[in-house]
Structures are given as structure tokens and as C-alpha cells.
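Data block below; observations after.
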Amino acid sequence: MSGIEWQLDELGFVTGSVHEAIVTTMSSDGSLNAAPMGVTRTGPETLELKLFTTSTTCANLLSNPSACVNVTEDPALYLVTAFKEADFPGFPVPSIDRDLRLGSSDAHVLIAVEKSLEESKLREVFNGEVSSVEVTRSLPRVFSRGRAEAIEAIIHATRIEVFSKQGDKERVERLIKRFRECKDVVNRTSVTDSNEARVIRELEKMIEGWRDRASG
Ligand SMILES: Cc1cc2nc3c(=O)[nH]c(=O)nc-3n(C[C@H](O)[C@H](O)[C@H](O)COP(=O)(O)O)c2cc1C
């Protein structure tokens, strides 16, 4: 077993399973970008990304094949990188170095991607060959339902935004119900000034805004 294969195993990347991480990329003009993305381990040293063609991450990878899969479970990092146009006072501004490492991540998995067959008009699939793994956090973290549910709530929110803009009220209401279930768990398990509880409050404000705009 190679060093990279062992490191991916230890980080929890299971072959065939989807994991969540923050993927950093660079555009053709050199600007850096970070966004949460699902990452599937497809082989001993390969990771796959399925990206909506509307995303900046997809556009960047089509012009520059390097990416970094940043391992973190901090909901604040997921929030600020998923909704980059929004202003979140008191939340950290993500820092990305020229080698695409996202600051405050627990590990950086550097990959070189090649595009595989276009999955559909909406999504592109990229296969990434892992070139190196760097671990920055020495201690494991205890599992937190609140942190996990806050990240789940961010995924729902990214879809609520899209469906609100499309005027798809039924899907919006279904996702808002799921968002509220995440919020309940966070409120029952995490303190009010935790990152996860603060993330839920920010998401609630954004969801209200999208709903008002859709109905007004
Ligand atoms: C945990 C999580 C996982 C996500 N996974 C994906 C994914 O696999 N593919 C995708 O295209 N968008 C995914 N998204 C949505 C993107 O992060 C979101 O659309 C983001 O704004 C894209 O940013 P970009 O345009 O800078 O690439 C995910 C969002 C979250 C919160």
C-alpha cells in the first residue's frame, strides 16, 4: 500500500462513498476560489468530483487542472465558501495560499484532474489523481451532531436558493422543512455561540430573504 493510499484511508475516504470537503481552484487569470463539494473516492489514489457546470469550480478546472480537497468539518468554513457573495460579520474570511491550501483545514489533498465524459448538460465529472496529502491537525475531533447537521443545513440552503429563484415553491417548502429538522438538532445539541448555531441563524436570515423576494 502506498503512503497516499494509507493517508486517504486514515482520513476516512472510503472507496465508493461520497464525502464533503472544500475544494479550492484557480482561474485562468490566477484568482483563487473555494467551494464545498462532494468528493467520491474512486480508487486507491483517485477522487472524483461531480460539478454543476454553472459553478466557478467547474469553470476553473476546465482551464486549470489543479485542485486541493480541503478536509474540514467547520460549518463556518462551509457557509462562507458556499455563499461567497453574502456578508457574514464575525465569520472568518477564508485564506487560500498559492498552492491552493485553505487555511484552518485539518488536511489538504492535492489533486490533478482530468475531465471524464460529460455526465449531462448540467454536470461535469472530473477524475482527480492525488499527488500529495498534508495533514495539519494532530488530534482527531469528537463527533458532533450539531456540526454535522449545520453542514447538512447549508446543503439544503444552497438548493433552497436555486429553487426560490426558479419559483419552485413546492421544492422550496420541502427543503425548508428539512432545514428546520437540522436546526432543531443544532439547537438541542450545540451552545448558542457555537459556529453551528451561528451558521443556522445566518442561513435562516438568507432563507427569509429568498422567500420574500420570491413572493414579492
Ligand atoms: C456540503 C456541500 C456539498 C456540495 N456538493 C456539491 C457538489 O458535489 N457539486 C456541486 O456542483 N455543488 C455542490 N455544492 C454546492 C456548491 O458548493 C455551491 O453551488 C457553491 O456556491 C459553488 O461555488 P463556486 O461557484 O465558487 O464553485 C455543495 C454544497 C455544500 C454545502
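For the sequence shown, counting from 1, position 50 maps to 53 in this note's numbering; every step adds exactly one.
Yeah, the Cβ is synthetic: ideal placement off N, Cα and C, and Gly gets one too.
Here the structure is a predicted model, which means the values were calculated and not measured.
- Our two residues, F16 and L103, have alpha carbons roughly 20 Å apart in a direct line.
- Around N198, the same chain offers D77, P78, A79, R150, A153 as residues with beta carbons nearer than 8 Å, after the five sequence neighbours per side are excluded.
- Taking a 10 Å sphere around the C-beta of E127, we find 16 or more other C-beta atoms and assign the residue as buried.
- DSSP lists T27, L113 as the beta-bridge partner residues of C71.
- If you look at S135, you'll find it in the beta strand (DSSP E) that goes 126 to 138.
- At least one heavy atom of ligand 1 is found less than 8 Å from the C-beta of P39.
- For S30, the closest of L64, T56, W213 by C-alpha to C-alpha distance is L64.
- Judged by their CB atoms, K124 and T56 are nearer to each other than the 9 Å cut-off.
- L50 carries a strand assignment under DSSP once its states are collapsed to helix, strand and coil.
- Judged by DSSP secondary structure, L206 falls within the alpha helix (DSSP H) whose first and last residues are 198 to 218.
- Judged by their CB atoms, S20 and R44 are nearer to each other than the 9 Å cut-off.
- The three-state secondary structure of F55, taken from DSSP, is strand.
- Nearest neighbour of T27 by Cα position, chosen from V72, A160, T161, turns out to be V72.
- For I99, there is no enclosing alpha helix (DSSP H), since its DSSP letter is neither H nor E.
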